[in-house]
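The opening position of the sequence shown corresponds to residue 1 in full-length UniProt numbering, with each subsequent residue numbered one higher. Some notes on the structure that comes next.
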Amino acid sequence: MGMNNTLPDDIEQLKALLIAQQAVIVRLSGEITGYAREISSLRALVAKLQRMLFGRSSEKSREKIEKKIARAETRITELQNRLGEA
């Protein structure tokens with residue numbers, strides 16, 4: 001979304017631009033809130049899985065848990081990158 005440095009002189013056009021920008025802000029705020037919630041949830045999941053990892057003795061369970069942790073951490077990174085772009 002590029003910045004346009006020339007604004008119309010017409011009040012109605014300015015109002016329309018303002019309304020459009022407000023809609024974008026609302027949408028992006030919702031996305032940011034959703035990403036933040038998902039990051040929080042994923043961090044809680046990683047913490048839970050790490051506790052399970054140290055409490056288990058089965059190698060198969062350990063591998064599954066490690067894969068889940070890796071997927072959750074990858075998703076956290078993706079979401080944090082999106083937040084950085086917003």
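In this text, a Cβ means the ideal position worked out from N, Cα and C, and glycines have one as well. Small disclaimer: the values here were computed from a predicted structure and weren't measured.
| Query | Result |
| --- | --- |
| Using a Cβ-Cβ cut-off of 6 Å (strictly less than) and excluding sequence neighbours within five positions of Met1, which residues of its own chain qualify? | In this prediction, Met1 has a pLDDT of 47, which is less than 50 and means its spatial position is unreliable; nothing more can be read from the coordinates. |
| I need the straight-line Cα distance from Leu45 to Lys64, nearest angstrom please. | 14 Å |
| Going by alpha carbons, who is nearest to Glu85 out of Tyr35, Glu73 and Ser61? | Tyr35 |
| Using the three-state DSSP reduction, which class does Thr77 fall into: helix, strand or coil? | helix |
| Flag this pair as touching only if the region 6-15 and the region 26-40 have three or more C-beta atom pairs under 8 Å; answer yes or no. | no |
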